[in-house]
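Report on one structure; see the data block that follows.
There are 2 protein chains.
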Amino acid sequence: MSVAGVGEFGLIDRVTARLSYGPTVLLGPGDDAAVVAAPDARVVATTDVLVEGRHFRRDWAGPHDIGRRAAAANLADVAAMGAEPTALLVALCVPEDVDTGWLEQLADGLGAEAAGVGASVVGGDMSASPTLTIAVTALGNLGGRSPVTRAGARPGDLLALAGRTGYAAAGFTVLSRGFRTPRLLVEAYRRPEVPYPAGPQAARLGATAMIDVSDGLLADLRHMAKASGVAIDIARDAFEVPPQMRDAAQALGVDPYAWLLAGGDDHALAATFPPATALPPGWRAIGRVAVGSGVTVDGRPFDGPAGWDHFR
Amino acid sequence: MSVAGVGEFGLIDRVTARLSYGPTVLLGPGDDAAVVAAPDARVVATTDVLVEGRHFRRDWAGPHDIGRRAAAANLADVAAMGAEPTALLVALCVPEDVDTGWLEQLADGLGAEAAGVGASVVGGDMSASPTLTIAVTALGNLGGRSPVTRAGARPGDLLALAGRTGYAAAGFTVLSRGFRTPRLLVEAYRRPEVPYPAGPQAARLGATAMIDVSDGLLADLRHMAKASGVAIDIARDAFEVPPQMRDAAQALGVDPYAWLLAGGDDHALAATFPPATALPPGWRAIGRVAVGSGVTVDGRPFDGPAGWDHFR
Numbered sequence: 005m006s007v008a009g010v011g012e013f014g015l016i017d018r019v020t021a022r023l024s025y026g027p028t029v030l031l032g033p034g035d036d037a038a039v040v041a042a043p044d045a046r047v048v049a050t051t052d053v054l055v056e057g058r059h060f061r062r063d064w065a066g067p068h069d070i071g072r073r074a075a076a077a078n079l080a081d082v083a084a085m086g087a088e089p090t091a092l093l094v095a096l097c098v099p100e101d102v103d104t105g106w107l108e109q110l111a112d113g114l115g116a117e118a119a120g121v122g123a124s125v126v127g128g129d130m131s132a133s134p135t136l137t138i139a140v141t142a143l144g145n146l147g148g149r150s151p152v153t154r155a156g157a158r159p160g161d162l163l164a165l166a167g168r169t170g171y172a173a174a175g176f177t178v179l180s181r182g183f184r185t186p187r188l189l190v191e192a193y194r195r196p197e198v199p200y201p202a203g204p205q206a207a208r209l210g211a212t213a214m215i216d217v218s219d220g221l222l223a224d225l226r227h228m229a230k231a232s233g234v235a236i237d238i239a240r241d242a243f244e245v246p247p248q249m250r251d252a253a254q255a256l257g258v259d260p261y262a263w264l265l266a267g268g269d270d271h272a273l274a275a276t277f278p279p280a281t282a283l284p285p286g287w288r289a290i291g292r293v294a295v296g297s298g299v300t301v302d303g304r305p306f307d308g309p310a311g312w313d314h315f316r
Numbered sequence: 005m006s007v008a009g010v011g012e013f014g015l016i017d018r019v020t021a022r023l024s025y026g027p028t029v030l031l032g033p034g035d036d037a038a039v040v041a042a043p044d045a046r047v048v049a050t051t052d053v054l055v056e057g058r059h060f061r062r063d064w065a066g067p068h069d070i071g072r073r074a075a076a077a078n079l080a081d082v083a084a085m086g087a088e089p090t091a092l093l094v095a096l097c098v099p100e101d102v103d104t105g106w107l108e109q110l111a112d113g114l115g116a117e118a119a120g121v122g123a124s125v126v127g128g129d130m131s132a133s134p135t136l137t138i139a140v141t142a143l144g145n146l147g148g149r150s151p152v153t154r155a156g157a158r159p160g161d162l163l164a165l166a167g168r169t170g171y172a173a174a175g176f177t178v179l180s181r182g183f184r185t186p187r188l189l190v191e192a193y194r195r196p197e198v199p200y201p202a203g204p205q206a207a208r209l210g211a212t213a214m215i216d217v218s219d220g221l222l223a224d225l226r227h228m229a230k231a232s233g234v235a236i237d238i239a240r241d242a243f244e245v246p247p248q249m250r251d252a253a254q255a256l257g258v259d260p261y262a263w264l265l266a267g268g269d270d271h272a273l274a275a276t277f278p279p280a281t282a283l284p285p286g287w288r289a290i291g292r293v294a295v296g297s298g299v300t301v302d303g304r305p306f307d308g309p310a311g312w313d314h315f316r
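In the order they appear, the protein sequences are chains A and B.
Mapping of the first sequence onto the working numbering: position 107 corresponds to residue 111, and the numbering continues sequentially without gaps.
Mapping of the second sequence onto the working numbering: position 222 corresponds to residue 226, and the numbering continues sequentially without gaps.
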């Protein structure tokens, strides 16, 4: 049945009936607002919106994966502050002919990605709209730690990465050219694997700065370099081109380093640490912070594409 | 200049430069997430989305008023829990030909409505989209009080209202028929006057249930009656038809009580109180809670329109 047939309140009932609530939820959906635990008297909050045709396509990914991605984009921002996600709120704008089953699976995907990190979908809103749009807000708990901003990187710090880069961008290119394989890359585009626990872990290790890699490593490190007033140099050797990516790059005539260094949407975490920090498994060194400004690769400007701007 | 000309990051810089931050903001926009004070270790959170053509029209209201309305719809939900708003997050989807000046005024409107209650815009996201959409999330502080839900009304309680109803609906009807006056009604549609402090005030007075009147008084009281397992009866005499509304209703052939009892978007607050409660100025008695179910007017079902469903 289409969403227009069920109506706003019927839809909200159907969707909330599928959700489950963790211990951070003091009052769940169904009232004017939810109430969420904020144990250390602060709450981390971030919002990210996905627009059909720009951030996702219904013929490229199913509703469950689109829900996971919408949740992941926000949960990763919470992790990048060094916090643990607690709750999601979701504002859905839906064309009237969308099937309720599609929406229920979207809600399941949102709920599943949240549940994987101990968070819950606590509230939302729904409206008809000609453009399918998913606006998500994520809340998180710093557990008494200071937030790790983009602004604390210091010359001499080592630069490290948790998670992978380039996979989602490669998957996006593959799909754009009309292919459905390699599966590894297409699946990475459909459903990012975000190293959420690495965020609070980095905060506990004394990370001086941290950022979620969503626009591309170079673009996001440029934000960090600017906010911190430093230069950042990436070691190209720190990135290995996996075989499937090498093959796809060759077949499509793409430089795989453009994917690895400038591709977004895998939601890796990049952080800087004091030079003597022993990195735990999950984090690997990929460069250095120096005096100066801007981001370089092996000391030189990178000549591939720079990143992603949602208006260009 | 159009938003496409300025680009995503240029736009975000322009908008955040216009905002100011209150004491609840521990870390403002510009990082992966904001950090907001949650003094009693809980945070109230709610989200509401406005879609062009469905919730607003650019030819019916200017960007500053649209911003105020988008903020008000969310801040009122926080107040309806008995909480004080602390922060807003805004996800904006904007057609590429929208002028940056329009967006700056929208941001000013959002910021002004928030500042009026001591809250700040702490974060956001922006994307191009064919459909202009404003998704707002509001956070709030309960100040140690219990949240006032929709579910606590008890037979014998008195029903009271803070703020006005029917004005925005009358203004909407006036604009729909191609008129621009009476000014009082049109302005009420463009910019709701929400009685925010009445929310925490009701909580301190011992309100047993409370709801933000956004879908229409009858529709929203129906939610309250259902959640509380009670019947609610409204006294028609408690509503006076103001002269401008009476004249407009006559000219347009509308029953003014359909506006007063079923019109949404003024964001009045309706609450139930123990029978002996002395209502302070700003709150007025409009009915009673009884054993049973459903909502009546002077003991009978209301035969006008029932309320607003965003898919119908």
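Note that the Cβ used here is the ideal one computed from N, Cα and C, for glycine as well.
Predicted model, so just to flag it, every value in this text is computed and none were measured.
Residue i: which of the options sits nearest, CA to CA?
i        : options                                : result
A:GLY128 : B:GLY156, B:ALA255, B:ASP161, B:ALA142 : B:ALA142
A:VAL299 : A:ALA132, A:ARG58, A:ARG226, A:ARG72   : A:ARG226
A:LEU30  : B:GLY303, B:ARG18, B:ALA49             : B:ALA49
A:ALA172 : A:LEU163, A:ARG154, A:GLU191           : A:GLU191
B:ALA80  : B:ALA116, B:VAL121, B:ARG22            : B:VAL121
B:PRO279 : B:VAL301, B:ALA289, B:PRO285, B:GLY268 : B:ALA289
A:GLY86  : B:ALA262, B:VAL39, B:ASP219, B:ARG149  : B:VAL39
A:ALA255 : A:GLY113, A:PHE183, A:ASN145, A:ALA132 : A:PHE183
B:VAL7   : B:ALA111, B:ALA231, B:TYR25, B:ALA132  : B:ALA132
B:TYR25  : B:GLY57, B:GLY303, B:ALA123            : B:ALA123
B:THR137 : B:TYR200, B:THR185, B:ARG58            : B:ARG58
A:ASP112 : A:HIS68, A:MET130, A:GLU100            : A:HIS68
A:SER150 : B:VAL152, B:ARG149, B:ALA37            : B:ALA37
A:PRO199 : A:PRO260, A:ALA155, A:ARG168, A:ALA282 : A:ARG168
A:PRO196 : A:THR51, A:ALA174, A:VAL55, A:VAL245   : A:ALA174
A:GLU12  : A:PRO43, A:GLU100, A:THR153            : A:GLU100
A:GLY303 : A:ILE238, A:GLU117, A:ALA21, A:GLY257  : A:ILE238
A:ALA155 : A:VAL178, A:MET214, A:GLY257           : A:MET214
According to DSSP, what are the bridge partners of residue i?
i        : result
B:TRP263 : None; B:TRP263 has no bridge partner.
B:ARG194 : In the DSSP output, where bridge partners are listed per residue, B:ARG194 has none listed.
B:THR281 : Answer by DSSP bridge pairing: none, since B:THR281 is not bridged.
B:THR141 : B:THR51, B:LEU93
B:ALA272 : B:VAL217
B:SER6   : B:ASP103
A:GLY37  : Reading off the sequence, residue 37 of chain A comes out as Ala, not Gly. Partner(s): none; A:ALA37 has no beta bridge.
Got a sec, what are the start and stop residues for the beta strand (DSSP E) residue i sits in?
i        : result
B:ALA164 : 162-166
A:GLY203 : Looking at the DSSP string, A:GLY203 is not in any beta strand (DSSP E); the run it does join, the alpha helix (DSSP H), is 202-209.
A:ALA127 : A quick correction: the sequence has Gly, not Ala, at residue 127 of chain A. Residues 124-132.
B:PRO67  : Per DSSP, B:PRO67 belongs to no beta strand (DSSP E); it is in the alpha helix (DSSP H), 67-83.
B:ALA235 : 235-238
A:MET214 : 213-217
A:ARG292 : 287-294
B:LEU136 : It is not in any beta strand (DSSP E) - B:LEU136 carries neither H nor E in the DSSP assignment.
Give the residues of chain D in contact with residue i, contact being defined as C-beta atoms less than 8 Å apart.
i        : result
A:GLY144 : Although the question refers to chain D, the structure presented lacks it and instead comprises the protein chains A and B.
With respect to the alpha helix (DSSP H) encompassing residue i, which residues constitute its N-terminal and C-terminal limits?
i        : result
A:TRP106 : 104-119
A:GLU56  : Premise fails: A:GLU56 is in no alpha helix (DSSP H) and is neither H nor E.
B:ARG250 : 247-256
A:ALA45  : Careful: A:ALA45 lies outside any alpha helix (DSSP H) and carries neither H nor E.
A:THR20  : 12-20
A:THR177 : 171-180
Using a threshold of 8 Å, state whether the C-beta atoms of residue i and residue j are closer than that.
i        : j        : result
B:LEU189 : B:GLN109 : no
B:PRO203 : B:ALA84  : For the sequence presented, residue 203 of chain B should be read as Gly rather than Pro. Cβ distance < 8 Å, so B:GLY203 and B:ALA84 count as in contact.
A:VAL301 : A:ARG240 : yes
B:VAL140 : B:VAL102 : no
B:LEU221 : B:LEU273 : no
A:GLY170 : A:GLU88  : no
B:ALA207 : B:THR276 : no
A:VAL125 : A:LEU209 : no
A:ALA164 : A:TRP263 : no
A:SER74  : A:LEU114 : The sequence as given places Ala at residue 74 of chain A; Ser does not occur at that position. Yes, these two residues count as a Cβ contact at 8 Å.
Contact set between the stretch 212-223 of chain A and chain B, restricted to residues whose Cβ is under 8 Å from the partner:
For the stretch 212-223 of chain A, which is checked against every Cβ of chain B, the residues closer than 8 Å are MET214, ILE215, ASP216.
According to a CB-to-CB cut-off of less than 8 Å, which residues of the stretch 121-132 of chain A neighbour chain B?
Under the 8 Å Cβ criterion, the stretch 121-132 of chain A contributes VAL126, GLY127, GLY128, ASP129, MET130, SER131, ALA132.
Check distances from the C-beta atoms of the stretch 44-72 of chain B to those of chain A and list, in chain order, the residues that come in under 9 Å.
Against chain A - using a Cβ distance shorter than 9 Å - the residues of the stretch 44-72 of chain B are ASP44, ALA45, ARG46, VAL47, VAL48, ALA49, THR50, THR51, ASP52, VAL53, LEU54, VAL55, GLU56, GLY57, ARG58, HIS59.
Identify each residue in the stretch 8-34 of chain A for which the Cβ-Cβ distance to at least one residue of chain B is less than 8 Å, and report them in chain order.
So the close ones are ALA8, VAL10, GLY11, GLU12, PHE13, LEU15, LEU30, LEU31, GLY34.
Any residues in the stretch 73-85 of chain A with a beta carbon nearer than 7 Å to a beta carbon of chain B? Which ones, in chain order?
Cβ contacts with chain B come from ASP81, VAL82, ALA84, MET85.
Check distances from the C-beta atoms of the stretch 154-166 of chain B to those of chain A and list, in chain order, the residues that come in under 9 Å.
Within the stretch 154-166 of chain B, the residues whose Cβ lies closer than 9 Å to some Cβ of chain A are ARG154, ALA155, listed in chain order.
Listed from N- to C-terminal order along the chain, which residues in the stretch 232-265 of chain B have their beta-carbon within a distance smaller than 9 Å of any beta-carbon of chain A?
Sequence-ordered contacts of the stretch 232-265 of chain B with chain A are nonexistent [C-beta pairs closer than 9 Å].
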